[in-house]
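Chains as they are written, first to last, in my numbering: chain L, 34 to 441; chain A, 34 to 441.
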């Protein structure tokens, strides 16, 4: 009875809610907002670099010229004119696509949810990388899959591990991957691995879901072909304007073959009727002309400097037996600390020292990752990054001392 | 093999997709867009009446003063400052609420989806009205419930029917209702029925989901208390700014007790991370001051005139044995035509005569409603409404003649 008075609906929740819990990333949002904490936790883009004067003009023009559409309901697929701009963004990375094959979603996150809804029955297998984007794990989890994990190395997903899983009898509904500047691992899939993965999945008739939020944020080196460009028929492509423009407009998209696309649109309409015509038309207009390219160049330059600052700070302040990835783009460094450190347990102490990160466990469905942490370099300035990594290095040094004193 | 080449994923879809089909409402969106068709199909608000000059200022001010927030990610619950405005909208109808108990959603439609996700296991019973809002049926259907239907009369849901269903052993997860200016039926639940429903559900410990998109669009008569104001602990309240402001901003909300609220927020974050801070802050700013009240008064006056035009046209042009509801607010008239008419079969002929409606079958999960049609009076001007109902009346007269000639 006591429990019932706390939550009268406790007996009514669907089974799938047992997998829902306040994520570590979420709990950190409030912490990250405190100005004295250097937060490497959230992957928040550097929106301060956006041209707000220009955006005021864009929004006013949309409301002046297209208010009837901008303020009204629309179809579930999103405006054709916006889909044409999104296809042009894909062309920037050499990926051909037809606007008819695109459904606009509330960020790429909603596309992950819709894919789960349309493809996953309880108990179905889904292949994810280990580690994997925490948002994909929570989106898919609502549909009660079993995760088959395939590990990463510096060249991305270890495709041989997937092959072995299939040989052992895994029958996944799809393979989910972030090939470029992986979240959280920071690594990029090599050309050879891409071709291997695409060939294997085509042969096994398993669709690939390619999530590519960071592709246009390359700091150096040569672009790799998207999986979709290697095999358009078997790759569902997910994009977003959150990193090349702004997350606040909530515009992402999926590109899929007609049968799957129709189901995604129907699931989208059942889920929220349609996206915001206002933010979709603002996004469309922003992506016209050339202004957005200059802003993107500014963003990439800023992120490159911030990555450099973080790598330099890690080399200076982290213990010699720690390692980390060196991303050629994107938002994230993935660090491995000595095994006597438990990054989950250490987080409270870190926040006390006014620095935050995401513990590695958030990115594995099986509780692994206690010796890992995701360090997002996208948001803090270089100075703040140096200071934050210094604080974290100090904490790790204290941990080492504690460990040694206990081992004596 | 032929089928596989059409859709290579045909074996991969989740079971829940078997209930997903292109709704009649959806198919009509494209028809409604043709300017020569008088569409009574979509419930599209009269956004042309909104103050677009003022809205340009609102959007510019948000981007000038709060771009850092407007363009960034936010938490899943939505900004506290917006939730305070939404609670004030509820106060306009005498419904007390705490901003802490509110989660902002992508229109009220997403709240329906999240409730389904959090509460419905496959096979669970859910009570809906007959007829019921088609969007609620499709949102819930994705979670594979069994619908228990309770009929409506001119005073809203016939609560005795629900009582009988419970006595026969129904154990629904919740009761879904649109008490004010029902979609599609146009009727409003009486004070007595409201008290009856709230008492019955409290006694049976079944939560009520009260969907109230049209409450502030009253043309005449006295406001009835919301169910939430009669029993805050057992009523989940859904609101939206789509009808008092604009659907294009996609801002709706749910008010729920803390345990359920937390699960809705987690499901929201898994589904799309967060809403658009840009449209949420624009909505917040629009709802400050008094300008929105004047616009709402203009809208209500326009909808009242349009309702009057439709009722007058129906009296003039519909057959004497047809009946219809006389809504005191909202968007919809629900018409019953002679039983020899099949409104679903007749739709193509109606469109040929350049008039559209939604056939009654869309609003029942069991195929009933062939002698009903939903006529939305919100969008066409009075002249267009007169002309559209004239066309529809002519078509019904031709149907009658055909029926009589076949009966001879």
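Where a beta carbon is used, it is the ideal one built from N, C-alpha and C, also for glycine.
Please read these numbers as outputs of a predicted model, since none were measured by experiment.
Using a Cβ-Cβ cut-off of 6 angstroms (strictly less than) and excluding sequence neighbours within five positions of residue i, which residues of its own chain qualify?
i: residue 357(L); result: 347, 366, 368
i: residue 168(L); result: 142
i: residue 417(A); result: 71
i: residue 329(L); result: 277
i: residue 334(L); result: none
i: residue 80(A); result: 279
i: residue 271(L); result: 141, 144, 244, 287
i: residue 150(L); result: 300
Any beta carbon from chain A within less than 7 angstroms of residue i's own beta carbon?
i: residue 283(L); result: yes
i: residue 170(L); result: no
i: residue 188(L); result: no
i: residue 377(L); result: no
i: residue 146(L); result: yes
i: residue 48(L); result: yes
i: residue 51(L); result: no
i: residue 438(L); result: no
i: residue 213(L); result: no
i: residue 412(L); result: no
i: residue 112(L); result: no
i: residue 219(L); result: no
i: residue 312(L); result: yes
i: residue 182(L); result: no
i: residue 204(L); result: no
i: residue 105(L); result: yes
Quick check on residue i - is its C-beta less than 7 angstroms from some C-beta in chain L?
i: residue 37(A); result: For residue 37(A), the pLDDT reaches just 42, beneath the cut-off of 50, and the residue's location in the model is therefore unreliable, leaving the point undetermined.
i: residue 68(A); result: no
i: residue 418(A); result: no
i: residue 208(A); result: no
i: residue 216(A); result: no
i: residue 229(A); result: no
i: residue 34(A); result: Because residue 34(A) sits at a pLDDT of 36, beneath the cut-off of 50, its placement in the model cannot be relied upon, and the following sentence gives the value as read from the coordinates. Closer than 7 angstroms: no.
i: residue 175(A); result: yes
i: residue 45(A); result: yes
i: residue 100(A); result: yes
i: residue 153(A); result: yes
Let's see if you can read the secondary structure: which residues bound the beta strand (DSSP E) around residue i?
i: residue 241(L); result: 241–244
i: residue 144(A); result: Per DSSP, residue 144(A) belongs to no beta strand (DSSP E); it is in the alpha helix (DSSP H), 140–152.
i: residue 285(A); result: 285–288
Enumerate in chain order the residues of its own chain whose CB-to-CB distance from residue i is below 8 angstroms, with the five nearest sequence positions on each side excluded.
i: residue 338(L); result: 415
i: residue 170(A); result: 161, 180, 396, 398
i: residue 223(A); result: 188, 189, 257
i: residue 413(A); result: 71, 72, 73, 339, 421
Span of the alpha helix (DSSP H) holding residue i?
i: residue 102(A); result: 100–103
i: residue 303(L); result: 291–305
i: residue 430(L); result: 415–440
i: residue 318(L); result: 310–319
Assuming residue i contacts residue j (C-beta within less than 8 angstroms), just tell me the rounded distance between them.
i: residue 206(L); j: residue 266(L); result: 17 angstroms between Cβ atoms; not a contact.
i: residue 138(L); j: residue 285(L); result: 5 angstroms
i: residue 107(L); j: residue 307(L); result: 5 angstroms
i: residue 93(A); j: residue 92(L); result: 7 angstroms
i: residue 315(A); j: residue 95(A); result: 5 angstroms
i: residue 140(L); j: residue 409(L); result: Incorrect: roughly 17 angstroms between the Cβ atoms, too far for contact.
i: residue 336(L); j: residue 73(L); result: Rounded, the Cβ-Cβ distance is 14 angstroms, inconsistent with contact.
i: residue 122(A); j: residue 277(A); result: 7 angstroms
i: residue 297(A); j: residue 287(A); result: 6 angstroms
i: residue 350(L); j: residue 437(L); result: Between residue 437(L) and residue 350(L) the Cβ distance is about 19 angstroms, and since that is not below 8 angstroms, they are no contact.
Excluding the 5 residues preceding and the 5 following residue i in the sequence, name in chain order all residues of the same chain whose CB lies nearer than 7 angstroms to its CB.
i: residue 377(L); result: 392, 394, 403
i: residue 196(L); result: 233
i: residue 301(L); result: 109, 136, 138, 147
i: residue 340(L); result: 252, 360, 410
i: residue 154(A); result: none
Quick check: is any heavy atom of the ligand FMN less than 6 angstroms from the C-beta of residue i?
i: residue 277(L); result: Looking for the ligand FMN in the displayed structure turns up nothing, as the structure carries no ligands at all.
Just to confirm the assignment: which complete beta strand (DSSP E) runs, minimum length 3, are found wholly within the region 221–271 of chain L? Taking 3 residues as the minimum length, the beta strand (DSSP E) runs contained wholly in the region 221–271 of chain L are 241–244, in order along the chain.
Where are the beta strand (DSSP E) runs, 3 residues long or more, that stay fully inside the region 161–223 of chain A, in chain order? 179–186, 208–210
Mind pulling the alpha helix (DSSP H) runs of 4 or more residues that sit fully within the region 323–409 of chain A? 324–350, 376–385
To be precise: take each residue of the region 116–144 of chain L, compare its Cβ to all Cβ atoms of chain B, and keep it if any distance is under 7 angstroms. Which residues remain? Although the question refers to chain B, the structure presented lacks it and instead comprises the protein chains L and A.
Restricting to runs no shorter than 3 residues, where is the beta strand (DSSP E) found entirely within the region 114–139 of chain L? 135–138
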